[in-house]
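Engineer:
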Amino acid sequence: MKVNKAARVLEENVELDRYEAKYIVHPSLVPEIREFLKAFCVSDPNAEGDPPEYVITTLQLDSETLALHYARERESANRFKLRCRTYGTDGTAPVFIEVKRKIKGVVVKSRVMIPRACWGPELFSGKPPDVPFRNRHERVNFGEFRRLMQALDARPVMNIRYHRESYLGAQDDYARVTLDRRMCYCPARGWELPPMGVRWRCMDSATAFNRPYSAVILELKTYRDAPSWMSRLTERFSLERVGFCKYSTAMRLESLFQGAMYSEGSENCTYSVTGV
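Okay, so the sequence shown: first residue is 1235 according to our numbering, each after it adds one.
1) Under the three-state reduction of DSSP, which class applies to Met-1383: helix, strand or coil?
2) Have a look at Thr-1291 and Ala-1281 and give me their C-alpha separation to the nearest angstrom.
3) Which class does Pro-1421 belong to by DSSP, given the choice of helix, strand or coil?
4) At which residues does the alpha helix (DSSP H) containing Val-1264 begin and terminate?
5) Using DSSP's beta-bridge definition, name the partner residues of Pro-1390.
6) Tell whether a beta-carbon distance below 8 Å holds between Ala-1512 and Val-1259.
7) Three-state secondary structure (DSSP) at His-1397?
8) Can you tell me which of the three DSSP states Asn-1375 falls into?
9) Helix, strand or coil, according to DSSP, for Met-1485 in the structure here?
10) Count the other CB atoms, across all protein chains shown, that sit within 10 Å of the CB of Arg-1470; report buried if there are 16 or more and exposed otherwise.
11) Mapping DSSP to helix, strand and coil, what is Phe-1443?
12) Could you give the DSSP three-state label for Glu-1426: helix, strand or coil?
13) Would Cys-1318 be called buried (16 or more neighbouring beta carbons within 10 Å of its own) or exposed?
14) Taking 8 Å as the threshold (C-beta atoms), are Asp-1414 and Tyr-1457 in contact?
15) Is it right to say Gly-1339 is buried, meaning 16 or more other beta carbons lie within 10 angstroms of its own, or is it exposed?
16) For the 8 Å Cβ check, are there 3 or more pairs between the region 1413-1429 and the region 1385-1401?
17) Assess contact between the region 1302-1317 and the region 1431-1440, defined as three or more Cβ pairs (one per stretch) separated by less than 8 Å. Is contact present?
18) Between the alpha carbons of Pro-1390 and Lys-1256, how many angstroms are there, rounded?
19) Between which residues of its own chain and Gly-1354 is the CB-CB distance below 7 Å, once the five residues before and five after are set aside?
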């Protein structure tokens, strides 16, 4: 079945070029969206329960001047993120380090699986440790991650956590629908992933979404030719595409405590004051 191929792409890919579209959805629509997806999708094999979901914790890296965050705020055509991601909450799962580039609307993501026993700050300083890469592509991707990190002098900045409900297109090579909820963040204090004993701050707020309600983030991910059912989904539920970055949203919310100002479009309007 093609779904097995889609699941294999999701599980094993070290490089993936795709298109992504995000939508802010009112929670009341989610049950109807699930019902619609039943005709076209199956549950993500990596997810558990009903609905099928898992917990993601991401450690975002950035420069001292937050160059990657501000590239997103200014909507630079070509930008990237450096992030380290793990699944679950007990700190036993592998860590995936990723470079996620956005180049004129196309998302190019490379990732490397780091066994839990190899995870730590020494991974990125001095001589690289002996990591059992799964293939040569991972070795190359690891070198590129270190190169970008060292060029920016990037360091841990922000932790993001959320629950992801995930589905795969049943008859598509790669078509994926995710629904992210219970989003929260905490400033990073080191390389611990996931961080333990920290106070998570809510991101599921009307302020974060710039809406009169708390919401769910629906995301469609596919190759260039999106299946027709994705278009039908957006039309049926009158979904409007938005730009939403969890990392920059967390930075924006955290900066409110420092007196930062934003426009009605949730764009930072204090650049001329801060000089950043």
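For glycine and all other residues, C-beta sits at the position ideal for the given N, C-alpha and C.
Structural biologist: Result, derived from the coordinates:
1) Indexing the sequence shown from 1 puts residue 1383 at position 149. Three-state result, Met-1383: helix.
2) Taking the first residue of the sequence shown as 1, we reach residue 1291 at position 57. Taking the first residue of the sequence shown as 1, we reach residue 1281 at position 47. Just so you know, the alpha carbons of Thr-1291 and Ala-1281 end up roughly 15 Å apart.
3) In the sequence shown, counting from the first residue as 1, residue 1421 sits at position 187. Strand at Pro-1421.
4) Taking the first residue of the sequence shown as position 1, residue 1264 is located at position 30. Val-1264 -> alpha helix (DSSP H) spans 1264-1271.
5) As a first step, residue 1390 must be located in the sequence shown, where it is residue number 156. Leu-1295, per the DSSP bridge assignment.
6) As displayed, the chain neither begins before 1235 nor continues past 1510, which places residue 1512 out of reach and without an answer.
7) Translated into the one-based positions of the sequence shown, residue 1397 becomes position 163. Reduced to three states, the DSSP call for His-1397 is strand.
8) The count along the sequence shown starts at 1 and reaches residue 1375 at position 141. Residue state, collapsed to three classes: helix.
9) Here residue 1485 is taken as the residue at index 251 of the sequence shown, counted from 1. Helix, per DSSP.
10) By 1-based counting over the sequence shown, the position of residue 1470 is 236. Answer is exposed; the Cβ neighbour count stays below 16.
11) In the sequence shown, the residue the question calls residue 1443 occupies position 209. For Phe-1443, the three-state secondary structure derived from DSSP is helix.
12) As a working mapping, residue 1426 is identified with position 192 in the sequence shown. In this structure, Glu-1426 counts as coil in the three-state DSSP scheme.
13) In the sequence shown, counting from the first residue as 1, residue 1318 sits at position 84. Buried.
14) Position 223 of the sequence shown holds residue 1457. Position 180 of the sequence shown holds residue 1414. The answer is no: Cβ separation not under 8 Å.
15) Within the sequence shown, numbered from 1, the residue matching residue 1339 stands at position 105. Exposed, by the Cβ-count rule.
16) yes
17) Fewer than three pairs of CB atoms, one per stretch, sit closer than 8 Å, so the region 1302-1317 makes no contact with the region 1431-1440.
18) Here residue 1390 is taken as the residue at index 156 of the sequence shown, counted from 1. Here residue 1256 is taken as the residue at index 22 of the sequence shown, counted from 1. In a straight line, the C-alpha of Pro-1390 is about 26 Å away from that of Lys-1256.
19) Your numbering for residue 1354 matches position 120 in the sequence shown. Excluding residues within five positions, the ones whose Cβ falls inside 7 Å are Trp-1425.
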